[in-house]
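A.B. asks:
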Amino acid sequence: MALWGGRFTEGPDQRFKDFNDSLRFDYRMAVEDIEGSIAWADAICSAGVLTAEECAQLKQALSELEAEVRANLQAVATAGDEDIHSYVERRLIEKVGSLGKKLHTGRSRNDQVALDLKLWCRKACTELLKAITALERELTKCAAQHAEDIFPGYTHLQRAQPVTFGHFLMAYAQMFERDYNRLSNTQELLNQTCPLGSAALAGTAYQIDRDALARALGFKEATHNSLDAVSDRDHVMEMLACASISMVHLSRLAEDLIIYNSGEAHFIELSDKVTSGSSLMPQKKNPDALELIRGKCGRVVGALNGMLVTMKALPMAYDKDLQEDKERLFDAVDTWHDCLTMAALVIEGMHLNRHTAFDAAKGGYSNATELADYLVARGVPFREAHGVVGQVVLYAIEKNKALEDLTVDEFEQFNKSIGGDVYDALELHNLIKKRSVKGGTDPEMVRAEIASLNAKLETRD
């Protein structure tokens, strides 16, 4: 059933219909369309358009339809209607006859779809926030188990300074906590105003209490401008921006773990549950889950770019271009949620090869900065100490020795301040514990950060 056509003398070409119709993807908003319709029935009843009996009859039929839709949402996609609004109206008329034709009084598909999408986004945010929290819990759990395990820290993919594996994991936990806060802010913003009652673009002609309608639907108030209300998709762009930033974080995590899982590093081992084999090489155990997460980042970022380009030159107010928002958003949200869930599964089953990681942290002269700090503590200016240690490292490389394997006599060739106590300073566990400032890699600081984040996570139950 088309919601338009009175001024047309013939129907649309089937090719145009296939091109134009959106039910195959906007069916996902069926429940939200019904929720908005129930609220609209109350609103126009209060405005005198419906009697109390008519309103009750419509709401009963809509509630029945909602139960049917929830039982088999996928069936809606193939019903053959133009869009989800046409589907709901057709089914309503089937249930209550011509009374169903009254429901659209004073309403447009323009404010309908704006509302439906906001309601869908609100629910999607809630599910995504749960998925982010679940990933953070896995990260803090794993970090607590490895708060003292020495691990090589890198800059420029060169060994830099030792950290703990727990400290490494908590770096990503902080990223995902920012993702949580960013998405929470987006959800709060989209809950501010309700577009229903804006009609096509100029506002409804019926005396609707739009603020009461907004509150009934869980918004703080009605939108302040009908033109803006029907064409606003800021919440879509914001959700896609949140998704893109978080997917970048997921991709970075995937990249690090892929490297650390490689045969060359072998710092970690991934569970069989998130890896696959080769059809040719029986020895292979490929990090496919992580590679897919890394690959899907481009898909989500592409959705954001596409939406920004779609919006950049749209004239006021509603334009059919806006139909392009949903497929991008739905796919990006599904992809983001799947990747969050998969990352949590990867962390849950990950094993740290402690000895391999410790040996790697000892290599590459990662305790060289500690030798410079040792000299500073003995009155040598840091810039001078930096130069001295550079010479010591060059000497150690030539001798194929670690710094801690040099004798005191060898050290004294470069600076007479170096004594026998230098070995305690160069010992990895000791230098880790010295990083005891807030945010540092000292195990006690890592545990404090874990406790702090866990306290926040507990409030989300």
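Residues in the sequence shown are numbered from 3 upward in steps of one, following our numbering. Ideal Cβ placement from N, Cα and C applies to all residues, glycine included. All values derive from a computational prediction rather than experimental measurement.
1. Are the CB atoms of Arg296 and Glu257 within a distance shorter than 9 Å?
2. Between which two residues does the alpha helix (DSSP H) holding Pro445 run?
3. Have a look at the DSSP bridge pairing and note the partners of Phe153.
4. With distances taken Cα to Cα, identify the nearest neighbour of Ala146 among Glu350, Ile247 and Cys196.
5. Are there 16 or more other CB atoms within 10 angstroms of the CB of Thr443, so buried, or fewer, so exposed?
6. Buried or exposed: which applies to Trp6, given that a residue is buried once 16 or more other Cβ atoms fall within 10 Å of its Cβ?
7. Judging by CA-CA distance, which residue of Thr409, Val90, Ala218 and Gln415 is the nearest neighbour of Gly422?
8. Can you tell me whether DSSP reads Trp6 as helix, strand or coil?
9. Who are the Cβ neighbours of Asp23 in its own chain at under 6 Å, not counting the five residues just before and after it?
10. What is the DSSP secondary structure of His158, counted as helix, strand or coil?
11. Would you mind working out which of Ile152, Glu266 and Met344 sits nearest Lys298, comparing C-alpha positions?
12. Within its chain, find whatever has a CB closer than 7 Å to the CB of Ala204; leave out the 5 residues flanking it on each side and keep chain order.
13. Alpha carbon to alpha carbon, how far is Gly199 from Glu138?
14. Quick one: residues in its chain with C-beta nearer than 8 Å to the C-beta of Leu259, no 5 flanking neighbours on either side, listed in chain order?
15. Helix or strand or just coil, what does DSSP make of Ile210?
16. What are the start and end residues of the alpha helix (DSSP H) that includes Thr142?
17. Using 8 Å for Cβ pairs, my map puts Lys61 next to Ala43. What's the rounded Cβ distance?
18. Between Gln194 and Cys127, is the Cβ-Cβ spacing less than 9 Å?
C.D. replies: On the basis of the data shown:
1. Cβ atoms of Glu257 and Arg296: closer than 9 Å.
2. Pro445 to Glu460 is the span of the alpha helix (DSSP H), which, as asked, contains Pro445.
3. Beta-bridge annotation (DSSP): Phe153 is paired with Val165.
4. Measuring from the Cα of Ala146, the nearest candidate turns out to be Glu350.
5. Sixteen is the threshold: when 16 or more other Cβ atoms of the shown chains lie within 10 Å of the Cβ of Thr443, as they do, the residue is buried.
6. Bear in mind that a pLDDT of 47 at Trp6, under 50, signals an unreliable position, so the number given afterwards is only what the model happens to contain. Counting the other Cβ atoms within 10 Å of the Cβ of Trp6 gives fewer than 16, which makes it exposed.
7. It is Thr409.
8. Its pLDDT being 47, under 50, Trp6 is placed unreliably by the model, and the measurement read from it follows with that caveat. Note: Trp6 maps to coil in three-state DSSP.
9. Result list for Asp23: Glu84, in chain order.
10. Looking at His158 - three-state DSSP - the assignment turns out to be coil, as it is neither helix nor strand.
11. Comparing Cα-Cα distances from Lys298 to each of Ile152, Glu266 and Met344, the minimum goes to Met344.
12. Closer than 7 Å at the Cβ level, and outside the excluded window around Ala204, lie Ser228.
13. Each residue's alpha carbon lies about 40 Å from the other.
14. Answer for Leu259: Ile270, Leu272, Pro289, Leu292, Val348 and Met352, listed in chain order.
15. Reduced to three states, the DSSP call for Ile210 is coil.
16. Where Thr142 is concerned, the enclosing alpha helix (DSSP H) stretches over Arg111 to Gln147.
17. Indeed, because the Cβ distance is near 5 Å, the residues count as touching under 8 Å.
18. No, the Cβ-Cβ distance between Gln194 and Cys127 is not below 9 Å.
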